[in-house]
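> Just so you know, we're using the numbering used here here: the sequence shown kicks off at 261 and counts up by one.
Backbone N, C-alpha and C define an ideal beta-carbon position, used for all residues, glycine too.
Before anything else, here's the structure in question.
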Amino acid sequence: TVDNLRRPSATSLTSAMMHLSLLIACPALLLTPSASVLRASPVMQLRDQQPAVPVQPREVQQVVPVGTQNFNRAPVGTQNFNSQQNYQSYQSGRTSTTTGTRTRSLADISRAKQLEDPSILVQGGSLRTWSYRNPLVDEVNVELSTEGRPLDADIELWHGPDNTPVKMRVYVENGEMRPFSCVIETPRGPNTIALRNIGQLEFPFAANVFHDRIDQPSNECLNSATTIQGGALRTYPFESVVETVQVMLKTDGRPLNARIELLQGPNNNKQVIELYTEDGRDRPFFCVLQTPGSGNVVRVLNTAPLEFPLSASVVPHLINPKEDSKPVMGGDVVISGGDSGW
């Protein structure tokens, strides 16, 4: 009897072995026990199972090709694309500006600015060239300017390989107040104009070379030439009413070597041009100098030997009579706005 109590029955032993084998084979029964297991082993009862939350199916976004997208609706931002072309421009980084019903991209705006001002920015130490293969282009106009900084450039005319018939070095103290403008003769093309900014990287300048709207010397400039012997110099002072000055240098067919200086005060160079021309008759030099303010003097120096004289003509170009009424530092004092000086 006591042994019967201590010794388990065959039925209970068989049921326990069955349950143990089921648990080993299927561990998931521990999480979701069956009714028979709950009755046979009440110690393993778990707490009431919570009803499972149904999983919502994920919404699949349909990918639409770019060519079939509808742009009638605005994106998340405030952009409103009226056409596929505007959207593609937006995607490529070209932000558009809308004025009323007309849309213009930044590329169109920059292209319009280039048509208005075709100047090219030349950074310090860089080189830009303009080639003219048409033999009918016999002269070009070169314009250089800055935003108020100094201008230091080399200008060359290339005519064939290793042939440079025209060279000049240009220095301007203030490229905004005194922009540089000259005419280079280019007979018997093809010809190439080379501009090199020999200044520092912080001093770029704007360059423009064109073959139409060429500055032409006046009749006074053509008829007032004077001879400057080799090694000699000549000065041309101008009053404050003169805003621009025409300078023309030429020879009788010999090489031309000269130095042109624009001074405003003693030894105060505002603009310097060092010029070399292979043939002063075939390729004469002509430029227009800006002379704002008072006390401007143009000095022409023939740097060639005595056997190579040149003809120089320096005359006023534009005259502003209103500039004469402005007071000049160190000049005459006008009392009560009258004509009598003191």
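Is Gly408 buried or exposed, if buried means 16 or more other CB atoms sit within 10 Å of its CB?
One-based indexing of the sequence shown puts residue 408 at position 148. Exposed: under 16 other Cβ atoms inside 10 Å.
> I want to know whether the segment 556-572 touches the segment 480-499 - three or more CB-CB distances under 8 Å.
Touching, yes.
> Decide if Phe341 is buried, meaning its Cβ has at least 16 other Cβ atoms within 10 Å, or exposed.
Position 81 of the sequence shown, counting from 1, holds the residue named residue 341. Confidence at Phe341 is low in this model, with a pLDDT of 48, below 50, so the placement of that residue is unreliable and no value is reported for it.
> Please identify the residue among Ile284, Asn451, Val502, His279 whose C-alpha is closest to the C-alpha of Trp390.
Residue mapping note: residue 390 aligns to position 130 of the sequence shown, counting from 1. Taking only the C-alpha atoms, the option nearest Trp390 is Asn451.
> Beta-carbon within less than 6 Å of Ser531's beta-carbon, same chain only, minus the 5 sequence neighbours each way: which residues are those?
By one-based count along the sequence shown, residue 531 stands at place 271. Sequence inspection shows Gln at residue 531; the Ser mentioned does not correspond to that position. Val432, Arg438, Leu522.
> Looking only at its own chain, which residues have a Cβ that is under 6 Å from the Cβ of Leu273, when we skip the five neighbours before and after it?
Residue mapping note: residue 273 aligns to position 13 of the sequence shown, counting from 1. Excluding sequence neighbours, Leu273 sits near nothing in its chain.
> Can you find at least 3 beta carbon pairs, one from the segment 556-566 and one from the segment 507-525, that sit closer than 8 Å?
Contact holds: three or more Cβ-Cβ distances are below 8 Å.
> So the beta strand (DSSP E) Leu381 belongs to, where does it begin and stop?
Residue 381 sits at position 121 when you count from the first residue of the sequence shown. Looking at the DSSP string, the run of the beta strand (DSSP E) that includes Leu381 is 380-382.
> Do you know offhand how far Gly384's Cα is from Ala467's?
Counting from one through the sequence shown, the residue named residue 384 turns up at place 124. Counting from one through the sequence shown, the residue named residue 467 turns up at place 207. Those two C-alpha atoms are separated by around 12 Å.
> My output table needs one value for Met278: the three-state DSSP class, helix, strand or coil.
As a working note, residue 278 is residue 18 in the sequence shown. Reduced to three states, the DSSP call for Met278 is helix.
> Grab me the residues of Pro497's own chain with a C-beta within less than 6 Å of its C-beta, minus the 5 sequence neighbours each way, in chain order.
As a first step, residue 497 is located in the sequence shown; it is residue number 237 there, counting from the start. The answer, listed in chain order, is Val557.
> Which of helix, strand or coil does DSSP assign to Asn529?
The residue you call residue 529 lines up with position 269 of the sequence shown. Asn529 falls in the strand class under three-state DSSP.
> DSSP three-state label for Asn479, please.
In the sequence shown, the residue the question calls residue 479 occupies position 219. Three-state result, Asn479: helix.
> Quick check: what's the CA-CA separation for Glu417 versus Arg456?
Taking the first residue of the sequence shown as position 1, residue 417 is located at position 157. Taking the first residue of the sequence shown as position 1, residue 456 is located at position 196. Residue identity differs from the one stated: residue 417 is Leu in this sequence, not Glu. Spanning the two alpha carbons is a distance of roughly 12 Å.
> Using the Cβ count rule (16 or more neighbours within 10 Å means buried), how would you classify Gln506?
Taking the first residue of the sequence shown as position 1, residue 506 is located at position 246. Burial call: buried.
> Using only the alpha-carbon positions, how far apart do Gln524 and Ser500 sit?
Against the sequence shown, residue 524 aligns to sequence position 264. Against the sequence shown, residue 500 aligns to sequence position 240. Spanning the two alpha carbons is a distance of roughly 11 Å.
> May I have a chain-ordered list of the beta strand (DSSP E) segments no shorter than 3 residues that lie completely inside the segment 547-578?
Fully enclosed beta strand (DSSP E) runs of 3 or longer: 556-562.
> What residues are listed by DSSP as bridge partners for Asn517?
Along the sequence shown, read from residue 1 onward, the residue named residue 517 stands at position 257. Asn517 is bridged to Tyr536.
> Could you give the residue range of the beta strand (DSSP E) that holds Leu605?
This structure gives no information on residue 605, because the portion of the chain shown stretches from 261 to 602.
> Please report the residue range of the beta strand (DSSP E) in which Ile488 lies.
Residue mapping note: residue 488 aligns to position 228 of the sequence shown, counting from 1. Taken as a continuous stretch (DSSP letters only), the beta strand (DSSP E) holding Ile488 covers 486-488.
> Using 8 Å as the threshold, is the C-beta distance between Asp398 and Ile458 below it?
As a working mapping, residue 398 is identified with position 138 in the sequence shown. As a working mapping, residue 458 is identified with position 198 in the sequence shown. No.
> Between Val548 and the rest of its own chain, which residues show a CB-CB distance below 8 Å, the 5 nearest in sequence each way excluded?
The residue given as residue 548 occupies position 288 in the sequence shown. Answer for Val548: Ser441, Cys442, Asp475, Thr504, Val505, Gln506, Val507, His577, listed in chain order.
> Compute the beta-carbon to beta-carbon distance between Asp539 and Pro421, rounded to the nearest angstrom, for a pair I have assumed lies under 8 Å.
Looking up residue 539 in the sequence shown gives position 279. Looking up residue 421 in the sequence shown gives position 161. At roughly 19 Å, the Cβ-Cβ gap does not stay under 8 Å, so Asp539 and Pro421 are not in contact.
> For the beta strand (DSSP E) containing Gln506, list its first residue and its last residue.
Residue 506 sits at position 246 when you count from the first residue of the sequence shown. Counting along the chain, the beta strand (DSSP E) containing Gln506 begins and ends at 502-510.
> Can you tell me where the beta strand (DSSP E) holding Asn467 begins and where it ends?
As a first step, residue 467 must be located in the sequence shown, where it is residue number 207. Asn is not the amino acid found at residue 467; the sequence shown has Ala there. Residues 465-470.
> Between Leu404 and Phe465, which are expected to be in contact by the criterion C-beta below 8 Å, what is the C-beta distance as a whole number of angstroms?
Walking along the sequence shown from the start, residue 404 turns up at place 144. Walking along the sequence shown from the start, residue 465 turns up at place 205. The pair is a contact, with the Cβ atoms about 5 Å apart (cut-off 8 Å).
> Relative to the C-alpha of Arg388, which residue among Glu534, Arg519, Asp414 is closest?
In the sequence shown, the residue the question calls residue 388 occupies position 128. It is Asp414.
> List the DSSP bridge partners of Pro410.
What you label residue 410 is simply residue 150 of the sequence shown in a count that begins at 1. For Pro410, which the question treats as bridged, DSSP gives no partner whatsoever.
> Looking at C-alpha atoms only, which residue of Thr486, Ile579, Ala454 is the closest neighbour of Val402?
As a first step, residue 402 must be located in the sequence shown, where it is residue number 142. For Val402, the nearest C-alpha among the options comes from Ala454.
> Let's test the definition: count the other Cβ atoms within 10 Å of the Cβ of Thr359 and tell me whether it reaches 16, buried, or not, exposed.
Indexing the sequence shown from 1 puts residue 359 at position 99. With a pLDDT of only 44 at Thr359, under the threshold of 50, the placement of this residue in the model should not be trusted; the figure read from the coordinates follows. Looking at its Cβ environment, which holds fewer than 16 other Cβ atoms inside 10 Å, Thr359 is exposed.
> Quick check on the DSSP output: the beta strand (DSSP E) that includes Leu396 runs from which residue to which?
Here residue 396 refers to the residue found at position 136 of the sequence shown. Segment: none, Leu396 is in no beta strand (DSSP E) and carries neither H nor E.
> Starting from Lys427, trace the beta strand (DSSP E) in both directions and tell me its first and last residue.
If you number the sequence shown from 1, residue 427 lands on position 167. 426-432 is the span of the beta strand (DSSP E), which, as asked, contains Lys427.
> Helix, strand or coil for Leu273? Go by DSSP, reduced to three states.
On the sequence shown, residue 273 is found 13 positions in, with the first residue counted as 1. In the structure shown, Leu273 sits in a helix (DSSP, three-state: H, G or I).
> Name the one or two DSSP bridge partners that Arg494 has.
On the sequence shown, residue 494 is found 234 positions in, with the first residue counted as 1. Answer is Val560.
> Excluding the 5 residues preceding and the 5 following Ala572 in the sequence, name in chain order all residues of the same chain whose CB lies nearer than 7 Å to its CB.
Position 312 of the sequence shown holds residue 572. Here the set comprises Ala485, Thr486, Ile488, Arg494, Leu509, Val560.
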